[in-house]
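First comes the structure, then the notes that go with it.
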Amino acid sequence: MLPSLALTQQTSSKTQSSDKASLVGNGNGSKEPDNPVPSDPNYVIGPQDTLDISVWKEPDLTRAVPVRPDGKISLPLLDDVQAGGLTPAQLRADITQRLKRYFTDPRVTVIVTTIGSQRIYLMGEVTRAGAYPLVPGMTLLQALSSGGGFTQFANTKNIYLLRVENGKQVKHPFNYKDVVNGKNPAQNIVLKAGDTIVVP
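Residues 936 to 1135 (my numbering) are what the sequence shown spells out, left to right.
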């Protein structure tokens, strides 16, 4: 338990959602999450993400924390810690180093449970147009499935992706029927934050 410090234990509630991604930075001896989604070691934490911070044998320090608009999180003993701009592994290392002032061998796990900082956008003739969280590794085809299918007016042969590249907006064509039939798999590209998919 915390040395000479009385803290009210806060129950950690993990957000259960379809876009949950287990992006893990964990120290030796930390327990891995059950049935983890393949992690992206290069994922960069951003505002509106939710993190599970666990410290082995220290339940008072284990909790779910949101990343604030300024990119920081608040933790007992440590107050404000910069999380935005770091990978889960980098944040774990930072928290571990800070906790060494209080514990001999702190073992920290950082898991991104909700990705709110990175989004893609669906527009046009889909059932549910709007902004969607970007899951690491999400392809254009997978994003279309999030939109609940096409309307009866959708031109699925002329779907396109808009992406900013080198400061300019670039249009990438996507033929739905070709891709699902395996004819043009190169069009099923992996999405990036800010991508917009248009179904005419």
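Just so it is clear, CB atoms sit at the ideal spot from N, CA and C, and this is done for glycine as well.
Quick caveat, the model's predicted, so the values are computed rather than measured.
| Asked | Found |
| --- | --- |
| When you compare only the Cα positions, how much space is there between residue 1038 and residue 1114? | 54 Å |
| Cα-Cα, which of 1083, 1076 and 1134 is closest to residue 1116? | 1076 |
| Comparing alpha-carbon positions, which option in 1122, 982 and 1061 lies nearest residue 1088? | 1061 |
| On a CA-only basis, which of 1024, 1131, 994 and 1081 is nearest residue 978? Give me that one, please. | 1024 |
| Whole-angstrom Cβ separation of residue 997 and residue 988, contact assumed at under 8 Å? | 7 Å |
| Examine the Cβ distances between the region 1095 to 1114 and the region 1014 to 1033 and report whether three or more of them are shorter than 8 Å. | no |
| Roughly how many angstroms separate the alpha carbons of residue 969 and residue 1046, rounded to a whole number? | Because the pLDDT at residue 969 is just 35, under 50, the model does not fix this residue reliably, and the value given afterwards should be weighed accordingly. Their backbone Cα atoms lie some 12 Å apart in a straight line. |
| Between the C-alpha atoms of residue 1104 and residue 1132, what's the straight-line distance to the nearest angstrom? | 13 Å |
| Run through the region 1003 to 1038 for me and flag every whole alpha helix (DSSP H) of 4 or more residues, listed as ranges in chain order. | 1023 to 1034 |
| CA-CA distance, residue 1135 and residue 1027? | 44 Å |
| Check whether the Cβ atoms of residue 1050 and residue 1078 sit closer than 7 Å, and answer yes or no. | no |
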